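Here is the structure we will look at, set down as structure tokens.
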Amino acid sequence: MTNQPPALTLEGVRFTWPGGKFGLAIDAFNIAAGEAVFLRGPSGSGKSTLLSLVAGITTPQQGRIALQGEDLTGLRASRRDRVRAEQTGVIFQMFNLVPYLTPLENILLPLRFAPNRRQRCGVLQAAALDLTRGLSLPDDLVLSASAGTLSAGQQQRVAVARAMIGTPPLIVADEPTSALDNEARADFMALLFQQVRASGAALLMVSHYPTLSDGFDRVVDLADVAQGMKAAA
Amino acid sequence: MTLVRLALKSLLSRRFTVGLTVFAIALSVALFLGVEKLRTGARASFADTISKTDLIMGARSGSVQLLLYSVFRIGNATNNVSWQSYEELTSRPEVDWAVPISLGDSHKQFRVMGTTAAYFDRYKYRNGRSLAFEQGVAFDDLFDAVIGADVAQTLGYAVGHPIIVAHGLASFTEHDELPFRISGVLEKTGTPADSTVFVGLDAIEAIHVDWQGGGRKSGPATTEDVIRAMDLKPKAITAAMIGVKSRLQAFGLQRAINEYPDEPLQAILPGIALQELWEIVGVAETALTGVSAMVVATALLGMAVMILSGLNERRREMAILRSVGAGPLTIAGLMLTEAVTMAAAGAALGIGLLYVGLLGLRPWLDAAYGLYLPLSGLTQKDVIMLGLVLAAAALVSLVPAIRAYRLSVADGMMVKV
């Protein structure tokens, strides 16, 4: 694993949202290939900003961000979209699914933008069902239900499958359990870990629930790596 | 999953609002195409008001005026054509047939036209269709009259019914001494023949026996028997329809009539005069097209508003698409695809509505307005217009597409909704 480039590299990153209301400064933050990192921070501390930067949806004014050694900064926006599609799988807090698609269609959605991931899948439906079976989702639910009818827990598990399809090297999860009750939360975390470990992907999970940090390789306080900048201008 | 499939699924998930929007576009497209069909139909019907007549001869005035009073029975002749000139000119060798017509009297609100029975054979409309009798026959007796379908319907007349012809066009004075009898009722044609009362040329003379210079002679009215015994050869007619043996001779005969030395006369080619007249009447058709184009534009704007107002609720969906790798251009493209798909569905449904409407309304339009609409396919112009609808849909949907682009750039993967 050591010869693999890190899943995520941030160096000397300075970013301010348009309007200058809020910004973030990160001197150095890395996630090694296959490493699971728990990033802890209260709401409003810049977690979402960091995730936007990592996904290449926003670009820093200064510094370097790389996914698996591939530099995001300096790329054209369309290229950054492609790198995001290939390199990351994202799980949101809630409402992860496009409501008018079936769970299967939701899971296969990233492959349209990530041909390399698509190629790794082989038979698409089989690859998707492999993942959902691992996440204890019944096949008929995945194949035919409308995404809008699924329970919150089921939706989050479909979101995991979508993030993991075609094995991207980095899974980013933003408070993925906040919509779940305690019991479901434990189940979800167990399944998430199981899948992530099995695929060898790195995991960056952001949460303000410290209790979820069990099992992570590293727990980082956002305050330790990033300095929020408020109303500089 | 392609963008088009994604757009289709998204539209299907909102089938109620999308359906209404598509229906609005369909109605507007059907209206536009329908107006186009009516326009060409009206133009064709108009041009078909008289056919197979090579020349119309009348006193010298304007060609449109001559056409108006001789064919459409609108307005009056400024002058008559003397019977002598008529006989002389129509005895020329190139003349195949000639039917004189004499106007100036009325029955209720309908014009009375004096002519010969040959009129019913010679007058043709809509590519050579002949007048046909719904009831009865052409006039035979001096006091027989044939009426058009509208006359029969409006006044409730049938064969055998007596009618009284008034001198002049306003029915102040009626020639009540000489009642006519209806001998035939014509079938509906959609031409001015529908609202005409036809009598023999000699009958026109007969009803004016007691009239002189616009006033009534004093003394007792001439009795029917005396009139029947009189020589009722007309002194003048209003106009005449002429057919030539070879169409090439029409121009020569026209010149001969126009240059006739004894009387200022004029001959027109009906087709050309009809075209001149249409150029005057046809201004309305441009206005009609303009209005229906505005209706299409309104429907498309409605669609843009519908997409635009749905954007806020779809910010989550856009963020998800962004997170899986879609660029803002893809999001904008999705909006554009949705718009064009709706417009295409609307256009297709509109074509369907047009033909269903056309099939249903055609017989009625023909019967009630004499507007004959051929059940033809879409013209090249229609197809171009449909293409323009799609292009316009893409154009107006740029507004929501650009807004979606901006939102997805600003929101990124974070959704505040």
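First to last, the sequence lines map onto chains A and B.
Oh and the first sequence: position 110 is 110 in this note's numbering, straight run, nothing missing.
Oh and the second sequence: position 219 is 1219 in this note's numbering, straight run, nothing missing.
All residues carry an ideal CB built from backbone N, CA and C; glycine is no exception.
Keep in mind the model is a prediction, meaning the values are calculated, not measured.
Legend entry - M94/A (DSSP reduced to helix, strand or coil): coil
Legend entry - Residue nearest to I107/A in terms of C-alpha spacing, selected from R79/A, V83/A and D139/A: D139/A
Inset, instruction - Answer yes if the stretch 78-95 of chain A comes into contact with the stretch 1336-1346 of chain B, meaning at least three C-beta pairs across the two stretches below 8 Å, and no otherwise. - result: no
Inset, instruction - With 8 Å as the limit, tell me which residues of the stretch 69-83 of chain A have their beta carbon closer than that to any beta carbon of chain B; keep them in chain order. - result: A77, S78, D81 and R82
Inset, instruction - Take every Cβ of the stretch 75-88 of chain A, pair it with every Cβ of the stretch 1331-1340 of chain B, and state whether three or more of those distances are shorter than 8 Å. - result: no
Inset, instruction - Go to R84/A, then tell me how far its alpha helix (DSSP H) extends in each direction, as first and last residue. - result: A77 to Q87
Inset, instruction - Identify the contact partners of A28/A in chain B, using a Cβ-Cβ distance below 7 Å as the criterion. - result: Simply none; closest approach about 23 Å.
Legend entry - First and last residue of the uninterrupted alpha helix (DSSP H) at V1032/B: The question names Val, yet the displayed sequence has Phe at residue 1032/B. First-last of the alpha helix (DSSP H) with F1032/B: R1015 to A1047.
Inset, instruction - Output the distance between the C-alpha atoms of A1026/B and V1099/B, rounded to the nearest integer angstrom. - result: 50 Å
Legend entry - CB contact below 8 Å: N116/A versus chain B: no
Inset, instruction - Under 8 Å by Cβ, that's how I've got V1064/B and A1273/B pegged, so tell me the actual separation to the nearest angstrom. - result: 6 Å
Inset, instruction - With a 10 Å radius around its C-beta and 16 neighbouring C-beta atoms as the bar for buried, classify N3/A as buried or exposed. - result: exposed
Legend entry - Residues of the stretch 81-109 of chain A whose Cβ lies closer than 8 Å to any Cβ of chain B, in chain order: D81, R82, R84, A85, E86, V90, F92, F95, N96, L97, V98, P99, Y100, L101, E105, L108 and L109
Legend entry - Simplified DSSP assignment, three categories, for F15/A: strand
Inset, instruction - Taking only beta-carbon positions, decide if S1309/B is within less than 8 Å of chain A. - result: no
Legend entry - In DSSP terms, what E70/A is bridged to: L67/A
Inset, instruction - Say whether chain B places a C-beta atom closer than 8 Å to the C-beta of A152/A. - result: no
Inset, instruction - Could you please tell me which residues of the stretch 1318-1345 of chain B, in chain order, have their CB closer than 9 Å to any CB of chain A? - result: A1319, I1320, L1321, R1322, S1323, V1324, G1325, A1326, G1327, P1328, L1329 and T1330
Legend entry - Runs of alpha helix (DSSP H) lying entirely within the stretch 1202-1287 of chain B, each at least 4 residues, in chain order: 1224-1229, 1249-1258 and 1270-1281
Legend entry - Cβ distance (whole Å) where L72/A is taken to contact P103/A below 8 Å: With 8 Å as the limit, L72/A and P103/A do not qualify as a contact, their Cβ atoms being about 30 Å apart.
Legend entry - Neighbour-count burial assignment, E183/A, 16 or more Cβ in a 10 Å radius: exposed
Legend entry - T1154/B to A1138/B span [Cα, whole Å]: 20 Å
Legend entry - Among L1334/B, A1368/B and L1361/B, nearest to L1398/B - alpha-carbon criterion: L1334/B
Legend entry - CB of P99/A within 8 Å of CB of A159/A, strictly: no
Inset, instruction - Quick one: residues in its chain with C-beta nearer than 8 Å to the C-beta of A201/A, no 5 flanking neighbours on either side, listed in chain order? - result: A7, G34, G89, M164, T167, P168, P169, L170 and I171
Legend entry - Cutoff 6 Å; reference M1113/B; Cβ partners in own chain excluding five residues on either side: I1101, L1103, T1196 and F1198
Legend entry - Residue-chain proximity (I57/A, chain B), Cβ-Cβ < 8 Å: yes
Inset, instruction - Using a Cβ cut-off of 8 Å, pull out every chain A residue sitting near L1407/B, in sequence order please. - result: Under the 8 Å cutoff, chain A gives no residues; its nearest Cβ is about 13 Å from L1407/B.
Inset, instruction - Closer than 7 Å by beta-carbon distance: list the chain B residues that pair up with L113/A, in chain order. - result: One point to set straight first is that residue 113/A is Phe, not Leu, in the sequence displayed. Chain B residues near F113/A: V1324, G1325 and A1326.
Inset, instruction - Can you tell me which of V1209/B, P1261/B and V1159/B puts its alpha carbon nearest to the alpha carbon of P1234/B? - result: V1209/B
Inset, instruction - Classify R218/A as buried or exposed, calling it buried when 16 or more other Cβ atoms lie within 10 Å of its own Cβ. - result: exposed
Inset, instruction - Compare the beta carbon distance of L1301/B and V1389/B with 8 Å and say whether it is the shorter of the two. - result: no
Legend entry - Selection from M229/A, G228/A, Q227/A and D214/A that minimises the alpha carbon distance to L38/A: Going by the sequence as given, residue 38/A is Phe instead of Leu. Answer by Cα proximity: D214/A.
Legend entry - Interface flag, S1013/B vs chain A, CB-CB below 8 Å: yes
Inset, instruction - Find out if the Cβ-Cβ distance for the pair L204/A, R157/A is shorter than 8 Å. - result: no
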